[in-house]
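First residue of the sequence shown: 261, per this note's numbering; consecutive thereafter. Where a beta carbon is used, it is the ideal one built from N, C-alpha and C, also for glycine. On a predicted model such as this, the values are computed, not experimentally measured, just so you know. Following: one structure in structure tokens, then a few remarks.
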Amino acid sequence: MKLGTVTFFARDVDALAGFYTAALGLSPTVDDPPRYREVGAGGANIGFAAQAAYQTLCLEDEANPTGLRNILTFALPDANGMTDAVLRAVGCGAAVVRSPYSTHFGSMMAVLRDPEGNVFRLNAPLNADRPA
């Protein structure tokens with residue numbers, strides 16, 4: 261078994277899919293506006309479902325959750341590209357939560373929010389011999 265898709269409920273499916281396409285260079289894989297869109301993320305997909313999907317999935321009681329529930333982490337090949345990746349994301353509408361910093365586990369990491377407030381991280385190995 262492998263992970264196929266991680267889906268986020270979105271207020272604006274097109275805008276959020278467009279953000280991840282522009283900010284991180286991900287490729288659109290499914291285009292079913294206004295209900296659903298997906299972008300490819302290195303072997304798995306990130307889906308964006310309209311609020312109406314809560315009802316379709318019989319999850320009405322779960323609609324509009326509060327608090328942080330998920331964090332996506334995107335791996336960069338090395339730390340040299342971190343600043344450019346953060347600037348690109350910010351230029352596309354992301355907000356920096358924590359500027360790039362060295363982690364205790366040998367990576368450079370930045371924490372950001374997408375235009376709808378979902379948190380994502382950019383992670384890169386500080387040592388070229390260590391994967392992100």
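Contact under 8 Å by Cβ, residue i with residue j
i, j, result
"Ala-384", "Asp-338", "yes"
"Val-299", "Thr-281", "yes"
"Leu-286", "Pro-375", "no"
"Phe-279", "Ile-331", "no"
Beta bridge counterpart(s) of residue i as assigned by DSSP
i, result
"Asp-291", "Arg-297"
"Asn-305", "Thr-265, Gly-300"
"Leu-382", "Phe-334, Ala-370"
"Arg-358", "Val-371"
Exposure of residue i, with buried meaning 16 or more beta-carbon neighbours within 10 Å
i, result
"Arg-297", "buried"
"Ala-355", "exposed"
"Asn-340", "exposed"
"Ala-270", "buried"
"Val-357", "exposed"
"Leu-328", "exposed"
"Asn-378", "buried"
"Leu-336", "buried"
7 Å CB neighbourhood of residue i in its chain, flanking five on each side removed
i, result
"Gly-366", "Pro-385, Leu-386, Asn-387, Arg-390"
Contacts around residue i, its chain only, beta-carbon distance under 6 Å, and the 5 residues preceding and following it disregarded
i, result
"Ala-370", "Val-346, Pro-360, Leu-382"
"Tyr-314", "Glu-320, Ala-323"
8 Å CB neighbourhood of residue i in its chain, flanking five on each side removed
i, result
"Ala-304", "Lys-262, Leu-263, Gly-264, Thr-265, Val-266"
"Val-273", "Pro-293, Pro-294, Arg-295, Tyr-296, Arg-297, Phe-308, Ala-309, Ala-310"
"Thr-289", "Glu-298, Val-299, Gly-300, Asn-305"
The ligand GTP heavy atom lying under 7 Å from the CB of residue i
i, result
"Asn-387", "Absence of the ligand GTP is noted for the structure shown, with no ligands found whatsoever."
Would you check if the region 301-313 and the region 340-355 touch, i.e. whether three or more CB-CB distances between them fall below 8 Å?
no
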